[in-house]
Structure formats: structure tokens, C-alpha cells
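Undergrad: Protein chains in written order, with numbering that gives the first Met the number 0: chain R, 0 to 191; chain Z, 0 to 72.
For glycine and all other residues, C-beta sits at the position ideal for the given N, C-alpha and C.
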Amino acid sequence: MYISSKKVVHFIMHMHTLPRTFYFTRHGQSEYNELGKIGGDSGLSVNGEEYARRLAKFAHDVIGKDKFTNEHGEEVEVTRPARLWTSTLRRTQETAKFIKHIEFEAKWDNGDIGKWVQFRPMPRRNLDEIYAGVCDGMTYKEIEYQYPDEFARRQDHKLAYRYPRGQYTKCVCLQGLAHETFLRFRYIQISR
Amino acid sequence: MDVILRLEPIAQEMERVREPILIIGHQGILRILYAYFMGMKREDAPHIDIPLNHIIKLSPHAVGSIIVECLLT
Numbered sequence: 000m001y002i003s004s005k006k007v008v009h010f011i012m013h014m015h016t017l018p019r020t021f022y023f024t025r026h027g028q029s030e031y032n033e034l035g036k037i038g039g040d041s042g043l044s045v046n047g048e049e050y051a052r053r054l055a056k057f058a059h060d061v062i063g064k065d066k067f068t069n070e071h072g073e074e075v076e077v078t079r080p081a082r083l084w085t086s087t088l089r090r091t092q093e094t095a096k097f098i099k100h101i102e103f104e105a106k107w108d109n110g111d112i113g114k115w116v117q118f119r120p121m122p123r124r125n126l127d128e129i130y131a132g133v134c135d136g137m138t139y140k141e142i143e144y145q146y147p148d149e150f151a152r153r154q155d156h157k158l159a160y161r162y163p164r165g166q167y168t169k170c171v172c173l174q175g176l177a178h179e180t181f182l183r184f185r186y187i188q189i190s191r
Numbered sequence: 000m001d002v003i004l005r006l007e008p009i010a011q012e013m014e015r016v017r018e019p020i021l022i023i024g025h026q027g028i029l030r031i032l033y034a035y036f037m038g039m040k041r042e043d044a045p046h047i048d049i050p051l052n053h054i055i056k057l058s059p060h061a062v063g064s065i066i067v068e069c070l071l072t
């Protein structure tokens with residue numbers, strides 16, 4: 000596989016080995032989840048709303064806080080800059096709706112100081128759920144009934160499977176360089 | 000567009016960013032990102048269970064780096 004040198008330089012320039020933390024969560028229960036349907040763009044159920052509230056508390060109290068002991072042996076808690084990404088679908092944006100976006104004077108580990116909007120909303124189309132094509136909005140039971148062959152094929156080959164007019168999970172060309180990052184990039188590399 | 004292909008810029012940005020990131024996403028997408036950062040085999044990605052109402056904390060550079068918290072039962 001061909002890797003452009005420009006891409007490699009760009010990649011190495013932006014590498015750093017500082018510890019990073021990611022918090023993954025699915026959206027709160029959606030109306031479609033409640034009905035057992037896949038895909039769609041429904042809003043949250045009552046349950047989902049409750050999860051959104053608890054998630055906002057977790058975001059402010061845990062993700063956006065740095066706790067440490069200072070030189071006087073006191074427990075100190077400071078707000079630290081944190082990011083928020085969602086997809087562009089309603090159920091993820093609604094899950095984020097109780098999270099506040101407060102601007103504050105942030106201090107980074109390297110001593111930089113600057114204005115920062117905490118959890119600035121960032122809906123990203125690239126994070127949208129895998130599109131289920133003609134099966135969008137159906138329950139698994141309905142799919143099994145209406146498209147029995149497709150249903151069986153998906154069970155056998157989830158990775159390479161795609162619903163008619165839906166999207167593939169397989170097939171890729173991510174590549175990088177250097178130790179574990181390299182391994183991670185290789186992992187997604189295509190194996191056709 | 001192919002799913003893993005469109006996740007390439009997301010993964011690259013995650014490698015680059017220094018602040019903690021909260022990603023509110025979808026099962027199919029989070030499975031791929033999870034498998035990628037945990038160095039799992041691609042074939043295993045579709046079988047990863049990402050339950051509703053849970054937070055998964057991931058620190059790719061630390062040992063024992065997955066913590067799962069349930070916020071709602």
C-alpha cells in the first residue's frame with residue numbers, strides 16, 4: 000500500500016506520548032431503541048432523558064475536573080479543559096443537552112493559558128451510526144421475516160456485511176508509523 | 000462512504016488531542032473506535048458489547064486502562 004510522505008510527516012509532527020483519556024458512551028435510550036427498531040433518527044425516551052441528566056453530572060464532576068493534592072497536603076479540585084463530540088443524529092445531541100458550555104480561563108500542563116469553552120458542542124457527521132439501508136427503521140424480527148437471506152448473511156459475516164443500500168464496516172486504508180500508533184493504524188489497514 | 004474510512008480523520012484527531020474527550024456515539028461506531036484503540040483484531044469489533052447507560056473510560060497509553068461505569072440501571 001502506498002503512503003504519501005506528506006501524510007507521514009504530518010502524522011509524526013502531531014504525535015505525542017502524553018496520557019490521553021477518552022470517555023465513550025452510547026446515546027441514552029431512544030424511542031426506536033424502546034420499540035426495538037434499528038437506525039432512524041428518533042429522539043430520546045423518558046429513560047434516555049434521565050441518562051442524559053446523569054451523564055451531564057458525570058461530565059462536569061469527573062471528566063471536567065482534575066483532582067490532586069497540593070504542596071500543603073490539601074485536596075484540590077480544578078476545572079480542566081475537556082471536549083465533547085456527538086454525531087449529527089438527534090439521539091446523541093439530545094443526550095448532550097444538559098451539559099453546560101461554560102467559558103473559562105484554562106491552564107494547560109505546558110503552562111499555556113487561554114480562554115476555553117468547556118464541552119463545546121461538536122456534532123460530527125463522521126460519527127453517525129452505520130446506515131442500515133432498506134432495513135432502516137425495522138426491527139430484527141421484521142428483517143428476519145422480510146429479508147431472511149440477508150438476516151442469515153449478517154449473522155455469518157457481521158464485519159463484511161452491509162444491508163442492501165447500507166454501509167460496510169470492512170475495507171479501509173488507515174496507515175501510520177512508529178510503535179503502538181503504528182500497530183493501531185495497521186490494524187485498520189485493508190486486507191483484501 | 001465506507002465506515003472505517005470515514006472514521007480515519009476521527010481516529011487521527013483523537014491521537015492528536017490533549018484534552019479528555021467525551022464521545023456520545025452509536026454502538027456500531029464506538030465498537031470500531033474501541034477495537035482500534037485497544038489494539039483488538041478487526042474481526043472481533045462487531046462482537047464488542049457497548050451497553051446503553053454505561054461510560055467506558057479508555058486510556059490507550061496506560062496499563063489496565065478500561066473502566067466501565069454504569070450511570071443508570
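Quick one: is ALA95 (chain R) near chain Z, going by C-beta distance under 7 Å?
TA: Counting from 1 along the first sequence, the entry for residue 95 (chain R) is found at position 96. Yes, because at least one Cβ of chain Z sits closer than 7 Å to the Cβ of ALA95 (chain R).
Undergrad: Quick one: which chain Z residues come within Cβ less than 8 Å of LYS157 (chain R)?
TA: Position 158 of the first sequence, counted from the start, is the residue given in the question as residue 157 (chain R). Simply PRO45 and HIS46.
Undergrad: Kindly say whether ILE62 (chain R), judged by its beta-carbon, lies nearer than 7 Å to any beta-carbon of chain Z.
TA: Within the first sequence, numbered from 1, the residue matching residue 62 (chain R) stands at position 63. ILE62 (chain R) counts as touching chain Z.
Undergrad: Here's the rule I'm using: 16 or more other beta-carbon atoms within 10 Å means buried, otherwise exposed. How should LYS114 (chain R) be labelled?
TA: Taking the first sequence and counting its residues from 1, one reaches residue 114 (chain R) at position 115. It is exposed - the Cβ of LYS114 (chain R) has fewer than 16 other Cβ atoms within 10 Å.
Undergrad: Would you identify the three-state DSSP class for ILE62 (chain R), choosing helix, strand or coil?
TA: Position 63 of the first sequence holds residue 62 (chain R). If DSSP states are grouped into helix, strand and coil, ILE62 (chain R) belongs with the helices.
Undergrad: Tell me, please, whether the stretch 80-98 of chain R touches the stretch 11-24 of chain Z by the rule of three or more beta-carbon pairs shorter than 8 Å.
TA: The answer is yes - the stretch 11-24 of chain Z touches the stretch 80-98 of chain R, with three or more Cβ pairs under 8 Å.
Undergrad: Quick check on GLU128 (chain R) - is its C-beta less than 7 Å from some C-beta in chain Z?
TA: Taking the first residue of the first sequence as position 1, residue 128 (chain R) is located at position 129. Chain Z, which has a Cβ nearer than 7 Å to the Cβ of GLU128 (chain R), makes this yes.
Undergrad: Mind checking the stretch 65-86 of chain R against chain Z and listing, in chain order, the residues whose C-beta falls within less than 7 Å of any C-beta there?
TA: The residues in question are PRO80, ALA81, ARG82, LEU83, TRP84, THR85 and SER86.
Undergrad: Does any C-beta atom of chain Z lie closer than 7 Å to the C-beta of LEU176 (chain R)?
TA: Within the first sequence, the letter at position 177 stands for residue 176 (chain R). Because LEU176 (chain R) sits at a pLDDT of 28, beneath the cut-off of 50, its placement in the model cannot be relied upon, and the following sentence gives the value as read from the coordinates. No, LEU176 (chain R) lies away from the interface with chain Z (no Cβ there is under 7 Å from its Cβ).
Undergrad: State the DSSP-derived secondary structure class of LEU70 (chain Z), mapped to helix, strand or coil.
TA: Counting from 1 along the second sequence, the entry for residue 70 (chain Z) is found at position 71. Coil.
Undergrad: Who are the neighbours of ALA151 (chain R) on chain Z, taking C-beta pairs under 7 Å?
TA: Within the first sequence, numbered from 1, the residue matching residue 151 (chain R) stands at position 152. Within chain Z, no residue comes near ALA151 (chain R); the closest Cβ sits about 15 Å away, beyond 7 Å.
Undergrad: Alpha carbon to alpha carbon, how far is PRO8 (chain Z) from MET121 (chain R)?
TA: The sequence position of residue 8 (chain Z) within the second sequence is 9, counting from 1. The sequence position of residue 121 (chain R) within the first sequence is 122, counting from 1. Their backbone Cα atoms lie some 14 Å apart in a straight line.
Undergrad: Is LEU21 (chain Z) helix, strand or coil when you go by DSSP?
TA: Position 22 of the second sequence, counting from 1, holds the residue named residue 21 (chain Z). DSSP places LEU21 (chain Z) in strand when its eight states are reduced to three.
Undergrad: Tell me which residues share the same chain as ALA51 (chain R) and place their Cβ nearer than 8 Å to its Cβ, disregarding the 5 neighbours each side in the sequence.
TA: As a first step, residue 51 (chain R) is located in the first sequence; it is residue number 52 there, counting from the start. So the list reads GLY27, LEU43, GLU93, THR94, ALA95, LYS96 and PHE97, once near-sequence residues are dropped.
Undergrad: Work out the CA separation of LYS106 (chain R) and LYS169 (chain R) for me, nearest whole Å.
TA: For the purposes of this step, residue 169 (chain R) is taken as residue 170 along the first sequence, with counting starting at 1. For the purposes of this step, residue 106 (chain R) is taken as residue 107 along the first sequence, with counting starting at 1. Here LYS169 (chain R) scores only 39 on pLDDT, less than 50, and its place in the model should not be relied on; the value that follows carries that caveat. Cα-Cα distance, rounded: 41 Å.
Undergrad: Within 7 Å of any Cβ in chain Z, is that where the Cβ of HIS59 (chain R) sits?
TA: Sequence index remark: in the first sequence, residue 59 (chain R) carries index 60 (1-based). HIS59 (chain R) does not count as touching chain Z.
Undergrad: Name the chain Z residues that come within less than 8 Å of GLU102 (chain R), Cβ to Cβ?
TA: Indexing the first sequence from 1 puts residue 102 (chain R) at position 103. In chain order: nothing, as chain Z lies at least about 15 Å away.
Undergrad: From the DSSP output, in three-state form, read off VAL16 (chain Z) for me.
TA: Along the second sequence, one-based indexing puts residue 16 (chain Z) at 17. In this structure, VAL16 (chain Z) counts as coil in the three-state DSSP scheme.
Undergrad: What does PRO18 (chain R) touch in chain Z if you count any residue whose Cβ is under 7 Å from its own?
TA: Indexing the first sequence from 1 puts residue 18 (chain R) at position 19. Residues of chain Z passing the Cβ test: SER58, HIS60 and ALA61.
Undergrad: Which chain Z residues are close to LEU199 (chain R), counting only those with a beta carbon under 7 Å from its beta carbon?
TA: Any answer about residue 199 (chain R) is impossible in this case: the structure gives chain R only from 0 up to 191.
Undergrad: In the DSSP output, which residue or residues are listed as bridge partners for ARG119 (chain R)?
TA: Here residue 119 (chain R) corresponds to residue number 120 of the first sequence, with the count starting at 1. DSSP, once it has assigned bridges, lists no residue as partnering ARG119 (chain R).
Undergrad: Given that GLU49 (chain R) touches chain Z, what residues does it touch there, using C-beta distances under 8 Å?
TA: Your numbering for residue 49 (chain R) matches position 50 in the first sequence. Residues of chain Z passing the Cβ test: LEU71.
Undergrad: Could you give the distance in angstroms between the alpha-carbon of GLN26 (chain Z) and the alpha-carbon of SER41 (chain R)?
TA: Here residue 26 (chain Z) refers to the residue found at position 27 when the second sequence is read from its first residue. Here residue 41 (chain R) refers to the residue found at position 42 when the first sequence is read from its first residue. Cα to Cα, GLN26 (chain Z) sits roughly 15 Å from SER41 (chain R).
Undergrad: Tell me whether TYR162 (chain R) sits in a helix, a strand or coil according to DSSP, three-state version.
TA: Working through the first sequence from its first residue, we reach residue 162 (chain R) at position 163. Correct three-state label for TYR162 (chain R): coil.
Undergrad: What do you reckon, is the C-beta of MET137 (chain R) under 6 Å from a heavy atom of the ligand PLP?
TA: The ligand PLP is not among the ligands present in this structure, which contains no ligands whatsoever.
Undergrad: Hey, could you find the ends of the alpha helix (DSSP H) VAL45 (chain R) is sitting in?
TA: As a working mapping, residue 45 (chain R) is identified with position 46 in the first sequence. It spans 45-57 - the alpha helix (DSSP H) in which VAL45 (chain R) sits, taken as one unbroken run.
Undergrad: Can you pull the chain Z residues whose beta carbon is under 9 Å from the beta carbon of GLN154 (chain R), in chain order?
TA: Your numbering for residue 154 (chain R) matches position 155 in the first sequence. Under the 9 Å cutoff, chain Z gives no residues; its nearest Cβ is about 11 Å from GLN154 (chain R).
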